[in-house]
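Taken in sequence, the protein lines are chains A and B.
Taking this note's numbering, the leading residue of the first sequence gets 23, the next gets one more, and so forth.
Taking this note's numbering, the leading residue of the second sequence gets 23, the next gets one more, and so forth.
Even for Gly, the Cβ is constructed at its ideal location relative to N, Cα and C.
Remember, predicted model here, so these are calculated numbers, not experimental data.
Protein chains: 2
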Amino acid sequence: MTQTAHTSTSPGKQMLSEQVYAHLRDAIMRGNHAPRDALKPQDLAKEQGVSLAVVREALVRLVGEGLADRLPNRGFAVPACSDRRWQEIAEARRTIEPVMLRMSIERGDLDWESRVRAAHHRLARTPAYAPEEGEYYSGAWSEAHRVFHRTLLEGCGNPVLLETFDRTWTASELARRWSAHRVPDRDHADEHRQLEEAALARDADTAAEVLTQHLTQTAAGLTGCTLREPAK
Amino acid sequence: MTQTAHTSTSPGKQMLSEQVYAHLRDAIMRGNHAPRDALKPQDLAKEQGVSLAVVREALVRLVGEGLADRLPNRGFAVPACSDRRWQEIAEARRTIEPVMLRMSIERGDLDWESRVRAAHHRLARTPAYAPEEGEYYSGAWSEAHRVFHRTLLEGCGNPVLLETFDRTWTASELARRWSAHRVPDRDHADEHRQLEEAALARDADTAAEVLTQHLTQTAAGLTGCTLREPAK
DNA sequence: ATAACACTAATAATCGATTATTCGCTGGAT
DNA sequence: ATCCAGCGAATAATCGATTATTAGTGTTAT
Numbered sequence: 023m024t025q026t027a028h029t030s031t032s033p034g035k036q037m038l039s040e041q042v043y044a045h046l047r048d049a050i051m052r053g054n055h056a057p058r059d060a061l062k063p064q065d066l067a068k069e070q071g072v073s074l075a076v077v078r079e080a081l082v083r084l085v086g087e088g089l090a091d092r093l094p095n096r097g098f099a100v101p102a103c104s105d106r107r108w109q110e111i112a113e114a115r116r117t118i119e120p121v122m123l124r125m126s127i128e129r130g131d132l133d134w135e136s137r138v139r140a141a142h143h144r145l146a147r148t149p150a151y152a153p154e155e156g157e158y159y160s161g162a163w164s165e166a167h168r169v170f171h172r173t174l175l176e177g178c179g180n181p182v183l184l185e186t187f188d189r190t191w192t193a194s195e196l197a198r199r200w201s202a203h204r205v206p207d208r209d210h211a212d213e214h215r216q217l218e219e220a221a222l223a224r225d226a227d228t229a230a231e232v233l234t235q236h237l238t239q240t241a242a243g244l245t246g247c248t249l250r251e252p253a254k
Numbered sequence: 023m024t025q026t027a028h029t030s031t032s033p034g035k036q037m038l039s040e041q042v043y044a045h046l047r048d049a050i051m052r053g054n055h056a057p058r059d060a061l062k063p064q065d066l067a068k069e070q071g072v073s074l075a076v077v078r079e080a081l082v083r084l085v086g087e088g089l090a091d092r093l094p095n096r097g098f099a100v101p102a103c104s105d106r107r108w109q110e111i112a113e114a115r116r117t118i119e120p121v122m123l124r125m126s127i128e129r130g131d132l133d134w135e136s137r138v139r140a141a142h143h144r145l146a147r148t149p150a151y152a153p154e155e156g157e158y159y160s161g162a163w164s165e166a167h168r169v170f171h172r173t174l175l176e177g178c179g180n181p182v183l184l185e186t187f188d189r190t191w192t193a194s195e196l197a198r199r200w201s202a203h204r205v206p207d208r209d210h211a212d213e214h215r216q217l218e219e220a221a222l223a224r225d226a227d228t229a230a231e232v233l234t235q236h237l238t239q240t241a242a243g244l245t246g247c248t249l250r251e252p253a254k
């Protein structure tokens, strides 16, 4: 009854597992499930009207991306929050992204410059908080934020490095989602403006320094969210 | 009949899908299947005496690691060889690994030093080619090579960065597997000796420089293996 | 009273079969 | 002779049901 989605709302026809995967990923990233919560295939399958196999495939993919944990013979779960791991992710970003940014500034062409301008414009004009959308950053802002940072690095022209960025960004965002406080006195907008400015001025030293500071401050904002690590 | 592997040869009891995954991964890394070859679930399932589901799970995991391609509604295949992608992988390694090596040299403790010595000793004493094992590098040497490079970087103490290393190393090894020629005049042993020496002397500049050269030469050795990209 | 054991309920892992899609082939029309 | 339509086999994707493992609960022996 559900396998023929091509007749209903969905315009294109992708695989069932792809839809379920996207839905689950979004749910986890939006924080709909609490960390360490069990992801029961049966519930999810019934919930979305599909078979166990497709849910299972989606979960396996999520595990591969670090968006779910697998406990052998005990099923799947939302990844646990570990302060240490978040700091490691932040350090990895501080290690890699400034180097990528230097490559980007050295190699980026006119098209890159234009896309950086466009991405920054969108980010600057998007409100960070949406009143109706809960207490965290709005979905639109999060996406604009990601696109801005990614665009800055895209000038390097290396898809492998950009895949690495995507992975660490995702992990980083998952951490941010469960961050307790949001450091209200932080001026993201100015940091981003400085980044754009230095990048377009081809000032690699300044840009790398600003990015490092940006990432360091983000990591600092995450410390203290020692929620749910109750020994077990 | 096959689900109770705990009674037969296998000592521990892991999931079926884990064994199948490991077997398939090894087969691909060993080059048992040609690039662009179809990986048919039915054949693999019958071949290993398991159901389609477990093969499917293994293949999905492989795709997540870049060790298999997925063609929607057309199944799975061994990843195609693209010269450009290999150069991108090599550049990514040149971008990230020297920075990691610097961190490692700065932070590595006595245990790290000891493990570096051990890994280099094993690598230096392992023959690169095994007559009976085909025309390529021997399995034992490949593993010792990987362990040496990884151990060098493990001093950084950051698991996230090391995961990144693992991914790019795997991709790089897959490329090496299909490399046409093996640059016979290359002296790996000396490069590795220099690396060990500089690292243990805590000479970060020299070590990073040697590593960059090492990776550059490896990449150069891969150019020209433009096999099998027959338009399509 | 506590600790070890047995039993039961829940669910993870696996399987065999069904449905849907694609590829190759035959045959006819231009 | 070449190109397009329709048929048929192969196989990818999905499903429903079966088997095996785990966690929880209650019981009994010390």
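N180, P181, V182, L183: these are the residues of the region 155 to 184 of chain A whose beta carbon lies less than 7 Å from some beta carbon of chain B, given in chain order. For the pair I111 of chain B and V182 of chain A, the CB atoms are nearer than the 9 Å cut-off.
In the DSSP assignment, G97 of chain A forms a beta bridge with A:L93. CA-CA distance, V100 of chain B to D227 of chain A, rounds to 42 Å. For A102 of chain A, no Cβ of chain B is located within less than 9 Å of the residue's own Cβ. For R172 of chain B, the enclosing alpha helix (DSSP H) covers residues 161 to 176. Against chain A, the CB of T190 of chain B has a partner CB under 9 Å away; the residue lies at that interface.
With the criterion set as a beta carbon lying under 8 Å from some beta carbon of chain B, the members of the region 108 to 132 of chain A are E110, I111, E113, A114, T117, I118, V121, M122, M125, in sequence order. Around M51 of chain A, no beta-carbon contact reaches into chain B at under 9 Å, the shortest distance being about 17 Å. With a 10 Å radius around the Cβ and a threshold of 16 neighbouring Cβ atoms, P149 of chain B comes out exposed. In chain B, no part has a C-beta under 8 Å from the C-beta of T234 of chain A; the shortest such distance is about 12 Å.
In the three-state reduction of the DSSP assignment, A141 of chain A falls in the helix class. Think of a sphere of 9 Å around the beta carbon of A56 of chain B: no beta carbon from chain A falls inside it, the nearest being about 23 Å out. Within chain B, no residue has its CB atom less than 7 Å from the CB of P63 of chain A, the nearest being about 12 Å off. Taken through DSSP and simplified to helix, strand or coil, A49 of chain A comes out as helix. Around the beta carbon of Y159 of chain A, 16 or more other beta carbons sit within 10 angstroms, so the residue counts as buried. Using beta-carbon distances, G86 of chain B counts as an interface residue toward chain A, with a partner under 9 Å. G86 of chain A and R83 of chain B have their C-alpha atoms roughly 7 Å apart. Here L89 of chain B has R47, I50, M51, P101, T192, L196 as same chain residues with Cβ atoms under 8 Å from its own Cβ, once five neighbours each way along the sequence are excluded. Residue pairing by DSSP places A152 of chain B opposite no residue, since no beta bridge is assigned to it.
The Cβ atoms of S194 of chain B and W134 of chain B lie no closer than 9 Å to each other. With contacts defined by Cβ atoms closer than 9 Å, L175 of chain B and L123 of chain B form a contacting pair. Neighbours of A90 of chain A in chain B, taken as residues whose beta carbon is under 9 Å from its own, are absent, since the nearest beta carbon is some 12 Å off. Under the Cβ criterion of 9 Å, R83 of chain B is counted among the residues facing chain A. Contact annotation: in the region 65 to 79 of chain B, residues whose CB is within less than 9 Å of a CB in chain A are A75, R78, E79.
CA-CA distance, W200 of chain A to A141 of chain B, rounds to 40 Å. Distances from the alpha-carbon of D105 of chain B to those of B:H210, B:R198, B:L237 put B:R198 closest. A:R215 is the residue among A:A44, A:T238, A:G97, A:R215 whose C-alpha sits nearest the C-alpha of V138 of chain A. The beta carbons of T238 of chain B and I118 of chain A sit no closer together than 9 Å.
Contacts between P94 of chain B and chain A, judged by CB atoms closer than 9 Å, involve Q36, M37, E40 in chain order. In the DSSP assignment, L61 of chain A is bridged to A:F98. Residues of chain A with a Cβ closer than 9 Å to the Cβ of T240 of chain B do not exist, since the nearest Cβ in that chain sits about 15 Å away. In the same chain as R144 of chain A, and ignoring 5 residues on each side of it, the C-beta atoms closer than 8 Å to its own belong to A166, V169, F170, in chain order.
G130 of chain B is classed as buried because its beta carbon has at least 16 other beta carbons within 10 Å across all chains shown. Short of 6 Å from the beta carbon of F98 of chain A, and not among the five residues preceding or following it, lie these beta carbons of its own chain, in chain order: L61, L81, A90, R92.
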